[in-house]
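Inspection log for the structure reproduced underneath, given as structure tokens.
Residue numbers (our numbering), protein chains in the order written: chain A, 1 to 254; chain B, 1 to 351.
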């Protein structure tokens with residue numbers, strides 16, 4: 001019998017589920033190897049009860065309902081994989097971290113908006129609530145990393161995720177350095193690789209969507225931005241777009 | 001060694017015989033930089049390039065290569081046929097040929113010869129050209145601005161002609177194939193070569209003293225300057241990626257979906273990365289960033305000297321060009337010699 005897996009979306013744009021459906025060349029191999037029994041984004045008939053070998057979960061946890069959902073997913077799954085930067089770090093919707101949510105809502109929708117009654121708290125990564133066995137960051141995650149992860153997990157292995165910054169892959173592709181040679185605000189040196197330097201390869205400075213590398217040297221990169229007459233705070237703001245909770249906690253730790 | 005000459009305006013005729021010896025790679029422009037690539041027309045080839053973003057290492061030791069594939073039924077199949085495809089690498093500067101010669105010492109002549117590197121090196125025709133140094137080149141100081149081996153043909157600019165040094169019998173085959181393009185060189189050509197050789201040697205704007213550097217590095221092992229460099233280093237690994245003599249690699253396996261077949265992949269690695277000296281159990285021999293920066297320069301300028309009799313830096317200036325934090329062969333040697341006061345006045349305080 002094929003192992004059963006589930007694919008779930010919490011608060012996010014469902015981009016990872018679309019990324020999975022976009023694995024067109026591998027879709028037949030994927031469903032040949034596993035039974036996708038619970039996947040609201042791909043099927044209207046789902047089995048919400050069975051035990052699962054792996055659950056792939058995208059999106060952040062934004063309220064009590066989603067917290068209950070992720071705890072229930074964890075309970076029925078041998079392995080939980082956080083897919084995409086929302087699930088891994090909180091993502092774009094966690095950008096407001098230091099501000100009070102009601103104030104943010106008021107600023108955006110006005111004091112008489114109906115939105116105040118919505119049950120939406122701060123957006124937090126899955127790992128704030130449950131044990132996450134594997135994190136595949138990215139906005140969206142790379143389909144190649146998803147397929148590699150499925151294949152490794154089925155072999156009883158953990159896929160090796162990159163721990164090095166985007167620069168390594170960018171140099172391997174022999175791109176001109178956008179930060180050094182062009183003075184563009186590229187977050188590559190402090191951002192986790194794995195995207196094969198997707199944006200710099202199209203002459204677009206890295207926006208840090210895969211989150212900071214573990215030992216991101218923020219003091220030095222701020223200094224370098226300053227030397228290049230780029231606003232120093234820009235690099236931190238860039239990284240906060242996708243991984244604010246992670247950066248804020250690193251700062252608290254000092 | 002045979003020495004001939006060839007008129008510069010005959011270069012495109014000369015180029016037209018090269019595809020008979022392999023797929024031709026030559027320096028072409030990409031953005032504001034240069035790369036070794038397959039030119040779509042010979043007019044794209046830039047004889048005046050400064051340096052390529054990646055060194056020719058990329059063709060002999062690819063950034064990511066499949067060394068073999070495996071299958072539960074068929075065992076494993078190596079990738080040597082792919083590695084043995086003939087290539088002509090045209091327009092290599094002498095310091096980069098020197099870099100290949102250093103890779104030869106490590107990959108071909110050492111205790112464990114590497115079949116993939118050797119296959120590629122054997123299948124690669126190297127045609128060198130000379131160059132005018134810019135302010136980042138320090139090949140003169142590294143004794144890597146002239147090479148006497150490691151190439152098949154070397155072209156030196158002597159005005160209207162190139163002086164053609166034939167380094168191997170394969171180079172001679174190319175000369176024979178190019179027929180009447182090659183003429184005997186004259187006394188006057190040699191005189192012109194010597195004059196230009198002198199001018200080139202004197203035109204280096206960057207000079208570094210290597211003389212007692214291993215000793216000075218020994219003295220400065222516990223110096224605070226390493227902490228300062230460590231505080232600046234981003235561990236981005238750009239310096240290693242672009243270095244013609246960085247040869248560390250990592251090996252990983254990738255399996256296919258739904259079965260146990262797969263590939264073994266070898267990829268460039270860097271000693272600046274935290275995982276380079278991380279071992280099972282979580283112990284890290286170079287946990288501190290400063291110890292990794294230090295390791296890189298001690299390996300190039302001291303360890304390699306002890307083992308192979310010369311530093312493994314060839315003075316190409318690529319690390320000078322790419323390091324966002326300005327930690328490079330020039331700033332490090334000048335700082336460690338006490339001839340320079342750090343990198344910038346506003347360096348972040350060491351952690």
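No residue lacks a Cβ here, since even glycine has one placed at the ideal position from N, Cα and C.
Along the chain, where does the alpha helix (DSSP H) that runs through residue i open and close?
i: residue 223/B; result: Premise fails: residue 223/B is in no alpha helix (DSSP H) and is neither H nor E.
i: residue 305/B; result: 304 to 308
i: residue 218/A; result: 218 to 227
i: residue 72/A; result: 64 to 76
i: residue 57/B; result: 57 to 60
i: residue 43/B; result: Neither: residue 43/B is in no alpha helix (DSSP H) and is coded neither H nor E.
i: residue 238/B; result: 238 to 242
i: residue 147/A; result: 143 to 154
Between which two residues does the beta strand (DSSP E) holding residue i run?
i: residue 34/B; result: 33 to 37
i: residue 168/B; result: From DSSP, residue 168/B is part of no beta strand (DSSP E); its letter is neither H nor E.
i: residue 275/B; result: No beta strand (DSSP E) contains residue 275/B, which DSSP labels as neither H nor E.
i: residue 107/A; result: No beta strand (DSSP E) holds residue 107/A; the alpha helix (DSSP H) holding it covers 101 to 109.
i: residue 124/B; result: 124 to 129
i: residue 25/B; result: 23 to 30
i: residue 135/A; result: 134 to 136
i: residue 35/A; result: 35 to 39
i: residue 437/B; result: Outside the shown range of chain B (1 to 351) lies residue 437/B, about which nothing can therefore be said.
My output table needs one value for residue i: the three-state DSSP class, helix, strand or coil.
i: residue 339/B; result: coil
i: residue 174/A; result: coil
i: residue 316/B; result: coil
i: residue 236/A; result: helix
i: residue 333/B; result: helix
i: residue 351/B; result: Residue placement at residue 351/B is poorly supported in this model, since its pLDDT is 39, which falls under 50; the coordinates still yield a value, given next. Residue 351/B: coil per DSSP, three-state reduction.
i: residue 7/A; result: strand
i: residue 193/B; result: helix
i: residue 68/B; result: strand
i: residue 295/B; result: helix
i: residue 352/B; result: No information on residue 352/B is available, as it lies outside the stretch 1 to 351 that chain B covers here.
i: residue 13/B; result: helix
i: residue 124/A; result: strand
i: residue 165/A; result: strand
i: residue 21/A; result: helix
i: residue 190/A; result: helix
i: residue 213/B; result: helix
i: residue 245/B; result: coil
i: residue 250/A; result: helix
i: residue 16/A; result: helix
i: residue 27/A; result: helix
i: residue 54/B; result: coil
i: residue 53/A; result: strand
Using DSSP's beta-bridge definition, name the partner residues of residue i.
i: residue 5/B; result: 163/B, 183/B
i: residue 92/B; result: 128/B
i: residue 156/B; result: 163/B
i: residue 284/B; result: 278/B
i: residue 83/A; result: 58/A, 136/A
i: residue 265/B; result: 66/B, 252/B
i: residue 87/B; result: 23/B, 124/B
i: residue 212/A; result: 191/A
For a test of your reading of the model: does the CB of residue i fall under 7 Å from any non-hydrogen atom of the ligand ATP? Yes or no.
i: residue 202/A; result: Among the components of this structure there are no ligands whatsoever, and the ligand ATP is therefore not found.
Check your understanding: Of all the residues that make up the segment 241 to 256 of chain B, which are near chain A by a beta-carbon distance shorter than 8 Å?
Key -> If the cut-off is 8 Å between Cβ atoms, the segment 241 to 256 of chain B has 241, 242, 252, 254, 255, 256 near chain A.
Point to revise | the segment 284 to 297 of chain B: positions lying closer than 8 Å to chain A by Cβ | key: Answer set for the segment 284 to 297 of chain B: 289.
Check your understanding: If you measure beta-carbon to beta-carbon, which residues of the segment 31 to 50 of chain A are closer than 9 Å to chain B?
Key -> For the segment 31 to 50 of chain A, residues whose beta-carbon sits nearer than 9 Å to a beta-carbon of chain B comprise 32, 33, 34.
Check your understanding: Mind listing which residues of the segment 112 to 142 of chain A have their C-beta closer than 9 Å to chain B's C-betas, in chain order?
Key -> Per Cβ criterion, the list is empty.
Point to revise | Contacting positions in the segment 29 to 45 of chain B - beta carbon closer than 8 Å to chain A | key: The segment 29 to 45 of chain B vs chain A, Cβ under 8 Å: 30, 31, 32, 33, 35.
Practice item. Decide yes or no for the touch test of the segment 83 to 98 of chain B against the segment 8 to 25 of chain B: beta carbon pairs closer than 8 Å, at least 3 of them. Key: Yes, they touch.
Point to revise | the segment 121 to 134 of chain A / the segment 87 to 102 of chain A touching (three or more Cβ pairs under 8 Å) | key: The segment 121 to 134 of chain A and the segment 87 to 102 of chain A touch, with no fewer than 3 CB-CB distances between them shorter than 8 Å.
Review point. Counting pairs of beta carbons, one from the segment 194 to 214 of chain B and one from the segment 38 to 50 of chain B, are three or more of them closer than 8 Å?
Key: With contact defined as three or more Cβ pairs closer than 8 Å, the segment 194 to 214 of chain B and the segment 38 to 50 of chain B are not in contact.
**Study point:** Interfacial residues, the segment 307 to 324 of chain B to chain A, with Cβ spacing under 7 Å
**Key:** Answer in chain order: 322, 324.
**Study point:** Three CB pairs or more closer than 8 Å across the segment 53 to 73 of chain B and the segment 252 to 264 of chain B
**Key:** Cβ pair count under 8 Å is three or more, so yes.
Point to revise | Proximal residues, the segment 206 to 231 of chain B versus chain A, C-beta separation under 8 Å | key: Within the segment 206 to 231 of chain B, the residues whose Cβ lies closer than 8 Å to some Cβ of chain A are 231, listed in chain order.
Review point. For the segment 175 to 187 of chain A, which residues have a CB atom closer than 7 Å to at least one CB atom of chain B, in sequence order?
Key: Interface annotation for the segment 175 to 187 of chain A against chain B: 176, 177, 179, 180, 181, criterion Cβ-Cβ distance under 7 Å.
Point to revise | Meets three-Cβ-pair contact criterion under 8 Å: the segment 2 to 10 of chain B and the segment 160 to 175 of chain B | key: Touching, per the Cβ criterion.
Review point. Taking three-plus beta-carbon pairs below 8 Å as touching, is the segment 27 to 34 of chain B in contact with the segment 155 to 170 of chain A?
Key: Not touching, per the Cβ criterion.
Check your understanding: Any residues in the segment 100 to 112 of chain A with a beta carbon nearer than 7 Å to a beta carbon of chain B? Which ones, in chain order?
Key -> Only those residues of the segment 100 to 112 of chain A whose C-beta falls short of 7 Å from the nearest C-beta of chain B would be listed, and there are none.
Check your understanding: Relative to chain B, which residues along the segment 50 to 61 of chain A have a C-beta separation below 9 Å, given in chain order?
Key -> Taking 9 Å as the Cβ-Cβ cut-off against chain B, none of the residues of the segment 50 to 61 of chain A qualify.
**Study point:** the segment 206 to 218 of chain B touching the segment 48 to 68 of chain B, judged by at least three CB pairs closer than 8 Å
**Key:** Flag = no, the segment 206 to 218 of chain B and the segment 48 to 68 of chain B do not touch.
Review point. Between the segment 175 to 186 of chain B and the segment 128 to 136 of chain B, do three or more beta carbon pairs fall short of 8 Å?
Key: They do not touch, by the three-pair rule.
Practice item. Assess, as a yes-or-no matter, whether the segment 48 to 68 of chain A is touched by the segment 273 to 285 of chain B under the definition of 3 or more beta carbon pairs within less than 8 Å. Key: For the pair of segments examined, the segment 273 to 285 of chain B was found not to touch the segment 48 to 68 of chain A: the number of CB pairs separated by less than 8 Å stays below three.
Check your understanding: Mind listing which residues of the segment 151 to 164 of chain A have their C-beta closer than 8 Å to chain B's C-betas, in chain order?
Key -> Contacts with chain B (Cβ-Cβ distance below 8 Å) from the segment 151 to 164 of chain A involve 151, 152, 154, 155, 157, 160, 163, 164, listed in chain order.
Exercise for review: Give a yes or no on contact between the segment 234 to 246 of chain A and the segment 198 to 210 of chain A, applying the rule of three or more CB pairs nearer than 8 Å.
Suggested key: They touch, by the three-pair rule.
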